[in-house]
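Enquirer: What follows is a single structure, and I will ask about it in a moment.
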Amino acid sequence: MLLDMSRLLEQALTLWIDLLQIDENMTTGSSEQFKNRDQVRTIRETLVRDSSGVTALFLLKNSVSHYLANTAISLQQIINGDRDYLNTLSQVQSLLKLLDNEVLNEHGHQFMEAINLALLHYQLNGNKVLRTLVDDGHTIWKMRHEALYSVEKLNVFQFLSGEPEPAGVKPQYHKDIYDWWNINSLLSGSVGMPSGISLIIEILFVGGY
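Numbering (the UniProt record's numbering), first residue to last: 1 to 209.
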């Protein structure tokens, strides 16, 4: 399956690059061409974090959908059978046929099922904001890509000193964001917080957390 997805991605990317008329190694061009080039690079880089190719392919599907929704062709081109128009149409049809893959669609379905089960487990299935994000196919796959990227940057620190919480006490969700000027202040403030998991971001340019 991994080989099939990788081959499918390579075939689809080749068609996509031809359709956009860009060169991945280009050094000159318009801002739109550079934007498209960076988009292709991002899709390729996603393979490093998700070797199955599923995330990369869904990012590509989203890019193609955006392209189709924002590309205009005149009626005159259609009536005249414009060669460029016919060539573009043929490329788009070939690309859509590749991306309408049964195995890929099944992976997408399984991923969405896992998301919905997670929302149900954490009693967040009624949250309108999260529901909107999940139902937006473009956003949820972009979030999956960003999550995979973040995992590379995360370091896990586990503190096991001190008395454990009484039985039955569940981790609490913090609704506030704290800004600490140094690591000592961070640790001092953390001591009084309930047990649980915190996400700490080091702000390098000011030295805070």
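C-beta: ideal position from N, C-alpha, C; glycine also.
(1) Nearest by alpha-carbon distance to N39: which of N62, K153 and S94 is it?
(2) In angstroms with no decimal places, state the Cα-to-Cα distance between G53 and L20.
(3) Please work out which residues of its chain come closer than 8 Å, Cβ to Cβ, to L47, disregarding the five sequence neighbours upstream and downstream, and give them in chain order.
(4) Can you give me the C-alpha to C-alpha distance between Q91 and R83, rounded to a whole angstrom?
(5) Hey, out of N87, P194, G189 and I73, whose CA is closest to Y178's CA?
(6) Considering T42, what are the terminal residues of the alpha helix (DSSP H) in which it resides?
(7) State yes or no: is the C-beta of Q110 nearer than 7 Å to some heavy atom of the ligand GDP?
(8) For L130, I'd like the list of residues in its chain whose CB is within less than 7 Å of its CB, leaving aside the five on either flank, ordered along the chain.
(9) So what does DSSP say about L57, is it helix, strand or coil?
(10) Report, in whole angstroms, the separation of the C-beta atoms of L98 and A12, which I expect to be a contact under 8 Å.
(11) I'd like the ranges of any alpha helix (DSSP H) spanning at least 4 consecutive residues and lying wholly in the region 104 to 151.
(12) For I115 versus V134, is the C-beta distance shorter than 8 Å?
(13) Grouping DSSP H, G and I as helix and E and B as strand, with all else coil, what is I183?
(14) Between the beta-carbon of G108 and the beta-carbon of F58, is there less than 8 Å?
(15) Below 8 Å on the Cβ atoms is my guess for V64 versus W16; work out the distance and round it to an integer in Å.
(16) Indicate whether P171 and S195 have their beta-carbon atoms separated by less than 8 Å.
(17) I'd like to check one pair, M26 with R41: are the Cβ atoms closer than 8 Å?
(18) Here's the rule I'm using: 16 or more other beta-carbon atoms within 10 Å means buried, otherwise exposed. How should L79 be labelled?
(19) Quick one: Cα of L117 to Cα of G81, how far?
Expert: The structure says:
(1) A quick correction: the sequence has Gln, not Asn, at residue 39. Nearest to Q39 by C-alpha distance, out of N62, K153 and S94, is N62.
(2) Across the structure, G53 and L20 are spaced so that their CA atoms are roughly 21 Å apart.
(3) Contacts found: S6, L9, G53 and A56.
(4) Across the structure, Q91 and R83 are spaced so that their CA atoms are roughly 12 Å apart.
(5) When only C-alpha atoms are compared, the closest one is G189.
(6) That run of the alpha helix (DSSP H) goes S31 to R49.
(7) You won't find the ligand GDP in this model; it holds no ligand whatsoever.
(8) Closer than 7 Å at the Cβ level, and outside the excluded window around L130, lie L119 and L124.
(9) Under the three-state reduction of DSSP, L57 is assigned to helix.
(10) By a beta-carbon distance limit of 8 Å, L98 contacts A12. Their separation comes to about 5 Å.
(11) Every alpha helix (DSSP H) of 4 residues or more that sits fully in the region 104 to 151 is shown, in chain order, as 128 to 135.
(12) A contact, by the Cβ cut-off of 8 Å.
(13) DSSP places I183 in helix when its eight states are reduced to three.
(14) Yes, these two residues count as a Cβ contact at 8 Å.
(15) 7 Å between Cβ atoms; contact.
(16) Yes, the pair counts as a contact, with Cβ atoms nearer than the cut-off.
(17) Their beta carbons are not under 8 Å apart, which means R41 does not touch M26 by this criterion.
(18) For the record, residue 79 in the displayed sequence is Ile; it is not Leu. So I79 ends up on the exposed side.
(19) In this structure, the CA atom of L117 is about 49 Å from the CA atom of G81.
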